[in-house]
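J.:
2 protein chains.
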Amino acid sequence: MIDILQMRYFVALAETLHFGRAAERLHISQPPLSRQIANLEKELGVRLLERHTRQAALTYAGRRFLEDSRAVLASFDQACRNARLADGGDLGELSIGFMMHAAHTVLPGLTRRFMASHPQVQVELREVVPNALADAVLTGRFDAAIMFNPGPVRGLDAHAIFREPLCLAVHARHPLAGREGIQAHDLVDERLIAAPADVAPTLREAVVGFCRLGGFEPTVRLEAQLQQTIVSLVAEGLGIALVPQSLRKMGVADVVFRDLQEAPTIEHVVVWRPGNLNPALRPFLSEAGIVPRQK
Amino acid sequence: MIDILQMRYFVALAETLHFGRAAERLHISQPPLSRQIANLEKELGVRLLERHTRQAALTYAGRRFLEDSRAVLASFDQACRNARLADGGDLGELSIGFMMHAAHTVLPGLTRRFMASHPQVQVELREVVPNALADAVLTGRFDAAIMFNPGPVRGLDAHAIFREPLCLAVHARHPLAGREGIQAHDLVDERLIAAPADVAPTLREAVVGFCRLGGFEPTVRLEAQLQQTIVSLVAEGLGIALVPQSLRKMGVADVVFRDLQEAPTIEHVVVWRPGNLNPALRPFLSEAGIVPRQK
DNA sequence: CGATCATGATACCGAAAGGGTATGAATGAA
DNA sequence: TTCATTCATACCCTTTCGGTATCATGATCG
């Protein structure tokens, strides 16, 4: 059976046109090379070289086979390299799901760093409403997701990568719009807009907990999943909200953001399935500052 | 060393995900397959499959290696087939030089037949002034050439493939334009236009010989290499000419072609270098009706 | 024109690798 | 728990590979 070894020998021979020197280059002696080439010609049923006493010359078929062999050897070696690269997470695909909010905070930098250090990994980024993210990671739809901390989820590992304080978002003509040093009890009787507890439980908990510290139980009569939506609702005068500070970067007309005294904080986490065997996941987590524990 | 055999084994295994069935498909028993895969993984330094009791599953790196391996195997097998095809003259390049006149006679049909029976041979056709053709074949510029018979040329084989009578080309207002049964002696005192003897010796010989049979020695005061040029000169009233009959197909205003009694004939030959080892040359010659003698 | 040299082929030997059979270990199913 | 399935391991034999020694051939040179 013809194998890659004979092709390597043939290419070396075709490039030197000299059995002795080709053998030397291959770190073998001349007779095995002669025999391998003879075997190759026999199995192909094709004469590849004309042997003359002083030098050998490729036949037409030999020239063709040389070109093809070079291409085969290159792709063969590449295949082996690729397997090692893929195994090391340096080649392949990585699919990341994230809540919209992350696009304004950690996602851009993290993605840029990972892509720079792993140029051969195809990265798929996909925005998803937060409550679908955990399931999507569990089913394998995503290799990892970036979201507000959902609390412990069975089958998922999570690691905090970012923490930011909440701030108050009010309409520009709201009485609190000009106030400094706003505290929890200043929000008594305000109509609060917040994300549903099932979508972002820790965020909701932070909002509610802050109010309780101010001595009252907040009433939330309007809910929206996305922080950006909540800000828009504030702009429309439908209420006030406690939102992550990074939303200030969004320019929204008629909305004023104010710092809070003893502001609660909200955490971004990366979540992943510990059983996920995509080798590109580990370097991604490393880039996020996470050293996953060995299984 | 990793070789093509292990790749074949791996692809079979990856496609069945079952050592026993893959081994069966490869016509070997299961233990050698296990060992070869283990060797492959060891040499790559990469785990390609997760072995579970009930079924195996490819790792990420394994999936990548499967894709690459399929491509490598395909190109490997293709390289072997190509060598055989090239050796048989069914794949490669063939370069044919020809005098312009052949484009009106044998070249189109011959080329069409050869290309139809050898679709994978790249054919290069190149028009050349006739006296350069023999040298171009000798130097290897062309694998073969089609031309008027140049007589014996050292180092070239030649074989006739077409013979056509010459006819008379005269201006439409020439006295001979209306004559039938024109004979050689009717051309006495005419100004003849012909190709130089060094360009097309047999053609020139045919013209001169015909005149001698009519009892006179022709005077040629105007020469041109190409038959088409000669016909144009006839159209301009610069003289008359004996040209191959197939030039009648050219529509040239003011030129009339007349049959000759006992018309001389001119031969097209294919010439080639017997030492030319391009395998595509033999089938080309066969297509031209030539069975080259074995060297 | 014969001696010499360079080159590739051939013969033979020991080592390595491949495939086969027998069997063991692990794990999911009954 | 027992059984069946599946892959890994152990061991043997054959094939193949590479190495050394040597031969055949043809070009070069005195």
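If you read the protein sequences in the order shown, they are chains A and B. Position 54 of the first sequence, counting from 1, maps to 981 under this note's numbering, and the rest follow consecutively. Position 233 of the second sequence, counting from 1, maps to 1160 under this note's numbering, and the rest follow consecutively. All residues carry an ideal CB built from backbone N, CA and C; glycine is no exception. Everything numeric in this text was worked out from a predicted model, so none of it was measured.
So which residues on chain B does residue 986/A lean against when the C-beta distance must stay under 7 Å?
T.: Ordered by position in chain B, the residues that pass the 7 Å Cβ test against residue 986/A are 1204.
J.: Restricting to Cα atoms, I'd like to know which of 1165/A, 1154/A, 972/A is closest to residue 1119/A.
T.: Ranking the options by Cα distance to residue 1119/A, first place goes to 1165/A.
J.: Give the secondary structure of residue 1148/B by DSSP, where H, G and I count as helix, E and B as strand, and everything else as coil.
T.: Three-state result, residue 1148/B: strand.
J.: For residue 1101/A, I'd like the list of residues in its chain whose CB is within less than 6 Å of its CB, leaving aside the five on either flank, ordered along the chain.
T.: Counting only Cβ-Cβ distances below 6 Å, and skipping sequence neighbours, we find nothing.
J.: For residue 1163/B, count neighbouring C-beta atoms within 10 Å of its own C-beta (all shown protein chains included) and say buried if the count is 16 or more, exposed if not.
T.: Looking at its Cβ environment, which holds fewer than 16 other Cβ atoms inside 10 Å, residue 1163/B is exposed.
J.: Is there a Cβ of chain B sitting closer than 8 Å to that of residue 1222/A, yes or no?
T.: Residue confidence for residue 1222/A is low, a pLDDT of 44 falling below 50, so the modelled location carries little weight; the figure read from the coordinates is stated next. By this cut-off, residue 1222/A is not an interface position.
J.: Expressed to the nearest angstrom, what Euclidean distance is found between the alpha-carbon atoms of residue 1070/B and residue 1083/B?
T.: Approximately 11 Å, taken between the alpha carbons.
J.: Taking contact to mean at least 3 C-beta pairs separated by less than 8 Å, is the stretch 981 to 988 of chain B in contact with the stretch 954 to 966 of chain B?
T.: No, the stretch 981 to 988 of chain B does not touch the stretch 954 to 966 of chain B.
J.: Buried or exposed: residue 1108/A, going by 16 or more other Cβ atoms within 10 Å of its Cβ?
T.: Label assigned to residue 1108/A: exposed.
J.: Short of 8 Å in beta carbon distance, which residues of its chain neighbour residue 1089/A, apart from the five on each side in sequence? Order them along the chain.
T.: Within the same chain, residue 1089/A has close Cβ partners 1032, 1033, 1194, 1195.
J.: I'd like to know whether the C-beta atoms of residue 1126/A and residue 1057/A end up nearer to each other than 8 Å.
T.: Contact flag set, yes.
J.: Could you tell me whether the Cβ atoms of residue 1191/A and residue 1052/A are closer together than 8 Å?
T.: Cβ distance not < 8 Å, so residue 1191/A and residue 1052/A don't count as in contact.
J.: Using DSSP bridges, identify the partner residues of residue 1192/B.
T.: Per DSSP, 1092/B.
J.: Where do the ends of the beta strand (DSSP E) carrying residue 976/A lie?
T.: Residues 976 to 978.
J.: Can you give the Cα-Cα distance for residue 930/A and residue 1049/B, rounded to whole angstroms?
T.: For residue 930/A and residue 1049/B, the distance between alpha carbons rounds to 29 Å.
J.: Taking Cβ to Cβ, would you say residue 1152/A is nearer than 8 Å to residue 1122/A?
T.: Yes, the Cβ-Cβ distance between residue 1152/A and residue 1122/A is below 8 Å.
J.: Pick from 1173/B, 1209/B, 1039/B, 934/B: whose alpha carbon is nearest that of residue 991/B?
T.: Ranking the options by Cα distance to residue 991/B, first place goes to 934/B.
J.: Looking at the unbroken alpha helix (DSSP H) that takes in residue 938/A, where does it start and where does it end?
T.: Start and end: 931 to 943.
J.: May I ask which residues mark the beginning and end of the alpha helix (DSSP H) holding residue 1213/A?
T.: Looking at the DSSP string, the run of the alpha helix (DSSP H) that includes residue 1213/A is 1208 to 1214.
J.: Using 8 Å as the cut-off, can you tell me whether the stretch 1023 to 1032 of chain B makes contact with the stretch 1009 to 1025 of chain A, which would need three or more C-beta pairs spanning the two stretches below that distance?
T.: No: the two stretches stay apart, fewer than three of their Cβ pairs being nearer than 8 Å.
J.: Using only the alpha-carbon positions, how far apart do residue 1038/A and residue 1064/A sit?
T.: Using only the alpha carbons, I get a separation of about 18 Å.
J.: Compare the C-beta of residue 966/A against all C-beta atoms of chain B and say whether one is closer than 8 Å.
T.: With 8 Å as the cut-off, residue 966/A does not count as an interface residue toward chain B.
J.: Where does residue 1099/A sit, in a helix, a strand or coil, going by DSSP?
T.: If DSSP states are grouped into helix, strand and coil, residue 1099/A belongs with coil.
J.: Whose CA, out of 1197/A, 1045/A, 996/A, lies closest to the CA of residue 1014/A?
T.: Among 1197/A, 1045/A, 996/A, the Cα nearest to that of residue 1014/A belongs to 1045/A.
J.: Examine the ligand ZN and report whether any of its heavy atoms sits within less than 7 Å of the Cβ of residue 1068/B.
T.: Of ligands this structure carries none, so the ligand ZN is not represented either.
J.: Return the residue from the list 1185/A, 1097/A, 1104/A that minimises the CA-CA distance to residue 1160/A.
T.: For residue 1160/A, the nearest C-alpha among the options comes from 1097/A.
J.: Residue 1129/A: which of 1104/A, 1171/A, 1148/A sits nearest, CA to CA?
T.: The residue with the shortest Cα to Cα distance from residue 1129/A is 1171/A.
J.: Kindly indicate which three-state DSSP category residue 1202/B falls into: helix, strand or coil?
T.: Of the three classes helix, strand and coil, the one that applies to residue 1202/B here is coil, per DSSP.
J.: Per DSSP, which residues does residue 985/B bridge with? Please list them.
T.: Residue 985/B pairs with 976/B.
J.: Residue 1018/B by DSSP, collapsed to three states: which one?
T.: Correct three-state label for residue 1018/B: coil.
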